[in-house]
Structures are given as C-alpha cells and as structure tokens.
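Have a look at the structure below, then the notes.
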Amino acid sequence: MPVELTTMPTSRYLSEQQEENYTEVRTKLLGQKIDTLLDFRLTDKVDHWHVCDVIIDGASIVSNYRAQFTSIIRNHSYAGLVNKMKEKTLVVKAFETTTTPCSAAETARGMLPTSRNITPPISGNHLMN
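For the sequence shown, this note's numbering assigns the number 83 to the initial residue and increments by one for each residue that follows.
Pasting the structure below:
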C-alpha cells in the first residue's frame, strides 16, 4: 500500500560529540504520531563535512549494509554481491525515470500534495531479496 505524505516532520537538535575529524550529531524527528531518533555520523575531509552513516532509532545504515554484504558474500561470492547490486541499481534507475519529483515550492513548504503517492521501489532488506 502506498504511503501518502502530507507534511514533513520537524526536527529537534539533541546533542553532538566531536573527536578530531569525526562528529556524531543526535536529533529527533517529531512526527504527528511518533517521534524518531535520527543520528548522523560525519567525517571532516579537507574542510568539508561528509555524512558517513545515519542511525535511525538505533539501527545503523552502514551496519545493516555490512551485514547484508557479508551474508551474500558468504552464501554466494563477491561476484554474486556485485551482480545483485547491479540488478538493484537498474531497478532504482527505472523507478527514478518513471516518477515525478516534487516541485521546489512543495519542498520549500515541507509539503507533498496529498494526491501524490510515494511507493519505494524496493522494500525491506532490498539486497537480500
């Protein structure tokens, strides 16, 4: 079932910890029904900060991918992992060419039209499927 987005949640800065070229910024998204912890891990590369991981309610995106990659390599091979990634890239590219992005005005207002349904092209552990 497609998800309809009508308003974007607001965010609240909680804290940050910095050690040399590494920083973790903790935030909370305040939604209409539930709040979500959203942390960003950043690295400073030549005076430019780059996001190297996002943690959503304690689940690291990098750790999730690492576990999926390890499983695929163990059960198939490195070539099997590369093939799965190429297949998924084609699916995402096909999805991107068949959807209409939000207008700049919609993005600036933090709104999406209620008639626009957003359906992700891949659900769950998308590399494992």
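Backbone N, C-alpha and C define an ideal beta-carbon position, used for all residues, glycine too.
Owing to the predicted nature of the structure, the values given are computational and were not obtained by experimental measurement.
Starting from residue i, trace the beta strand (DSSP E) both ways and give me its first and last residue.
{"i": "threonine 92", "result": "92 to 101"}
Under the assumption that residue i contacts residue j (Cβ atoms under 8 Å), give the Cβ distance between them as a whole number of angstroms.
{"i": "proline 91", "j": "leucine 119", "result": "Their Cβ separation, rounded to whole angstroms, is 12 Å, which puts proline 91 and leucine 119 out of contact at 8 Å."}
With a threshold of 16 other CB atoms inside 10 Å of the CB of residue i, please say whether the residue is buried or exposed.
{"i": "isoleucine 154", "result": "buried"}
{"i": "aspartate 129", "result": "exposed"}
{"i": "aspartate 121", "result": "buried"}
{"i": "serine 97", "result": "exposed"}
{"i": "glutamate 102", "result": "exposed"}
Helix, strand or coil: how does DSSP classify residue i here?
{"i": "serine 142", "result": "strand"}
{"i": "lysine 170", "result": "helix"}
{"i": "lysine 115", "result": "coil"}
{"i": "glycine 164", "result": "According to the sequence provided, residue 164 is valine. The question's glycine does not apply to it. The answer is helix: DSSP assigns valine 164 an H, G or I state."}
Among the candidates the options, whose CA atom is the shortest distance from the CA of residue i?
{"i": "arginine 108", "options": "Thr179, Gln114, Phe177 and Ile138", "result": "Ile138"}
{"i": "leucine 30", "options": "Asp126, Gly140, Tyr147 and Phe177", "result": "With the chain covering only 83 through 211, there is no way to say anything about residue 30."}
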